[in-house]
Amino acid sequence: MKKTLFCLLLVLLATGTLAAKVHQPWQHGPLKVSDNQRYLVHQDGTPFFWMGNTAWLLPERLNRDEVEFYLNREREEGYNVEQIQVLNAIPTFNVFGQPANDETFNFAPYTKAGTYGYWDHLDYIVDMAAANGIYIAMDCIWGSQISKMDEKKAANYGKFLGERYKNKPNIIWMIGGDIMGDKGTASWDALARAIKKADPKHLMTFHPRGRTTSAWWYNDREWLDFNMFQSGHRRYGQRNGDGDYTIKENTEEDNWRYVEMSTEKEPLRPVIDGEPSYEDIPQGLHDFSAPRWQDYDVRRYAYWAVFAGCFGHTYGHNSIMQFMRPGVLASFGAGKAWWEALEDPGYRQMKYLKWLILTFPFTERVADQSVVAGQNGERYDRVVATRGNDYLLAYNYSGKPMRIDLTKVSGGKKDVWLMNPSDGTLQYLGQYDNQPTDFAWDGAYLRGSDRVLIAVDSNAHYIDKNATQLEEKW
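In my numbering, the protein residues as written are 2 to 475.
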């Protein structure tokens, strides 16, 4: 039945039945770093909230119809960036059996006219993403392959990529790929600089190993436009003894710490969690009998990161990132088809964070934990807060009562709402005096009791008091 429904959707999409007017964000100009060095905006100043998805094996696993179906669905759910692997191996093959490369990094044999090759299919993916108003964040070559690419090959590859995609409006470059930044440094630099020479107008970052941030190694590079960290997939206290443990023990899930680590560096750069714990992946990855991360976990990672100062967020799903399907060898215990994963709750809930952030003035927002009055909690009880000049937002994951200092933003009176991040619904709590105030709500402790407290200067009018849900922001 599900396979039949999937095929029907493909047919409907191909015939235009599902067609809709698509917002093209680059109509506001190319992306750039905001003047305060914290966010991404378009050339005309229009805010850009990165709502990404890890679609690593998209170029390898999906055919043209599936690409069209998937990217249409991504747009409908509010995603505007797809993080993909361009080269996953030497050689890399797509679903049609067409290779992308060989060990020489001479791409001429793989770009022949009259053959729908690997790069033609990647072009199709880029163009179909553009038709849906979506950026493609190209991870040029996965980190595990860096030993096969010396500086000369890296420069040749960078020139090839930059020249091929410099005129596409929807490209973001990703150097690295799940690797420590001190591995293959010269080759990464050569790759990045060659791309930038051919294509100076598209933004670039570095995707690092789990529990690390690009800011530790590349913050001073002229080619780096924003930092990325990978908070990874481990739970508190989960140590695998693999030699790359780079953070304080028992802080594994505190992705907000990586934001602080990154923004301590000079020069200040925007930062994002490019790979948090995936929905439906085993905690720690390698023990398939371990508990799996759920929708409330991926919500927590998203709100913690953004409220701590990230300019956006990247979601991930175990089955979607590898485009799992029957007959394909699964990694990390994935069990459901990727199109079934598109119905999972966490996948469908990310858009509410985007709507929330874009409801308020964008570039004035700062992380401010002093909004939480008194002693803040630890681990799951930690409340993470952000504010503008006349509004504040506080994310409470556990549902434990909290005290919020309403004096941190302007206004003698504050209109206050609770937002449920699982469905985007709003509850107006009333108007409050300008003072530290206690807030609590009905609900079980942890797992599904998370809420965002919204407090706004009563003279501002970002949200209608009668609204039951935030307005869509795409």
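Just so you know, even glycine gets a beta-carbon here, dropped at the ideal spot from N, CA and C.
| query | For V457, does the three-state DSSP call read helix, strand or coil? | reply | Strand at V457.
| message | Less than 8 Å between C-beta atoms, sequence neighbours within five positions excluded: which residues of the same chain meet that for Q239? | response | In its chain, beyond the 5 residues on either side, E253, Q284, G285 have a beta carbon closer than 8 Å to the beta carbon of Q239.
| said: Please report the distance separating the alpha-carbon of A191 from that of K197. | reply: Taking the straight line joining both Cα atoms gives about 10 Å.
| message | Quick check on this structure: which residue in K401, L357, G389, I358 has the alpha carbon closest to the alpha carbon of N377? | response | Answer by Cα proximity: K401.
| task | Give, in chain order, every unbroken run of the alpha helix (DSSP H) that is at least 4 residues long and sits entirely within the segment 63-135. | result | Those alpha helix (DSSP H) runs which fall completely within the segment 63-135 and span 4+ residues are 65-77, 119-132.
| Expressed to the nearest angstrom, what Euclidean distance is found between the alpha-carbon atoms of Y125 and K149? | Approximately 27 Å, taken between the alpha carbons.
| said: G134 and V23 - do their beta-carbons sit closer together than 8 Å? | reply: Against a cut-off of 8 Å, the Cβ pair of G134 and V23 comes out as a contact.
| query | From which residue to which residue does the alpha helix (DSSP H) around Q231 run? | reply | No alpha helix (DSSP H) holds Q231; the beta strand (DSSP E) holding it covers 228-231.
| request: For V87, collect the residues of the same chain with a Cβ closer than 6 Å to its Cβ; drop the 5 residues on either side in sequence, then sort them by chain order. | output: In the same chain as V87, and ignoring 5 residues on each side of it, the C-beta atoms closer than 6 Å to its own belong to M139, C141, in chain order.
| request: Would you kindly work out how many angstroms separate the C-alpha atoms of E164 and A90, rounded to a whole number? | output: Distance between the alpha carbons of E164 and A90: 22 Å.
| field | Range covered by the beta strand (DSSP E) that runs through L204 | value | Annotation: L204 is outside any beta strand (DSSP E) and is labelled neither H nor E by DSSP.
| request: Starting from Y297, follow the alpha helix (DSSP H) in both directions and report where the run begins and ends. | output: For Y297, the uninterrupted alpha helix (DSSP H) run begins and ends at 296-308, by DSSP.
| message | Contact defined as beta carbons within less than 8 Å: I believe W294 pairs with Y396. What is the distance between those atoms, to the nearest angstrom? | response | Cβ atoms of W294 and Y396 stay farther apart than 8 Å, at about 18 Å.
| Are Y279 and H234 closer than 8 Å when you measure CB to CB? | Judged by their CB atoms, Y279 and H234 are nearer to each other than the 8 Å cut-off.
| Which runs of the alpha helix (DSSP H) fall wholly inside the segment 160-223 and span at least 4 residues, in chain order? | Uninterrupted alpha helix (DSSP H) stretches at least 4 residues long and entirely within the segment 160-223 occur at 186-199, 216-219, given in chain order.
| request: Just tell me which of A331, Q350, A445 has its CA closest to the CA of E77. | output: Nearest Cα to E77 within the set A331, Q350, A445: Q350.
| How would you call H287, buried or exposed, if buried means at least 16 neighbouring beta carbons within 10 angstroms? | The residue in question, H287, is exposed, as its Cβ has fewer than 16 Cβ neighbours within 10 Å.
| Three or more C-beta pairs below 8 Å linking the segment 69-84 and the segment 101-110 | Under the Cβ criterion (8 Å, minimum of three pairs), the segment 69-84 does not count as touching the segment 101-110.
| said: Just list the residues that DSSP pairs I142 with in beta bridges. | reply: Beta-bridge pairing links I142 to L88.
| field | Backbone CA spacing between N505 and T364 [nearest angstrom] | value | A question about residue 505 goes unanswered here, because the residues of the chain that appear run from 2 up to 475.
| field | Nearest residue (CA-CA) to L269, options I464, P277, G275, V260 | value | Distance from the Cα of L269 is smallest, within the candidate group I464, P277, G275, V260, for V260.
| Integer Cβ distance of I176 from A193, believed to fall under 8 Å | Correct: roughly 5 Å between the Cβ atoms.
| Can you tell me the Cα-Cα spacing of M181 and H29, whole angstroms? | Spanning the two alpha carbons is a distance of roughly 35 Å.
| task | If I'm right that S399 touches Y433 with Cβ under 8 Å, what's the distance once you round it to whole angstroms? | result | 22 Å between Cβ atoms; not a contact.
| Hey, would you say F308 sits closer than 8 Å to L394, going by beta carbons? | In this structure, L394 lies closer than 8 Å to F308 by Cβ.
| field | Identity of the residues DSSP links to K414 by a beta bridge | value | Partner(s): D434.
| field | Three-state secondary structure assigned by DSSP to T364 | value | In the three-state reduction of the DSSP assignment, T364 falls in the coil class.
| said: Can you check which of these residues, G449, E379, F361, Y381, is closest to I480 by C-alpha distance? | reply: Any question about residue 480 goes unanswered here, given that the chain covers just 2 to 475.
| request: Can you tell me which of the three DSSP states M322 falls into? | output: In the structure shown, M322 falls within a helical segment according to DSSP collapsed to helix, strand and coil.
| request: Determine the burial state of V372: buried for a count of at least 16 other Cβ atoms within 10 Å of its Cβ, exposed for fewer. | output: Buried, because 16 or more other Cβ atoms sit within 10 Å of the Cβ of V372.
| query | By DSSP, does E267 sit in helix, in strand, or in coil? | reply | Coil, per DSSP.
| message | Does E473 come out as helix, strand or coil in the three-state DSSP assignment? | response | Collapsing the DSSP output to three states places E473 in coil.
| query | Which residues in the same chain as K409 place their Cβ atom closer than 8 Å to its Cβ, once the five residues preceding and following it in sequence are excluded? | reply | Counting only Cβ-Cβ distances below 8 Å, and skipping sequence neighbours, we find D369, S371, V372, R388, L393.
| query | What span of residues does the alpha helix (DSSP H) with I248 cover, start to end? | reply | Unbroken run through I248: none, as it is neither H nor E.
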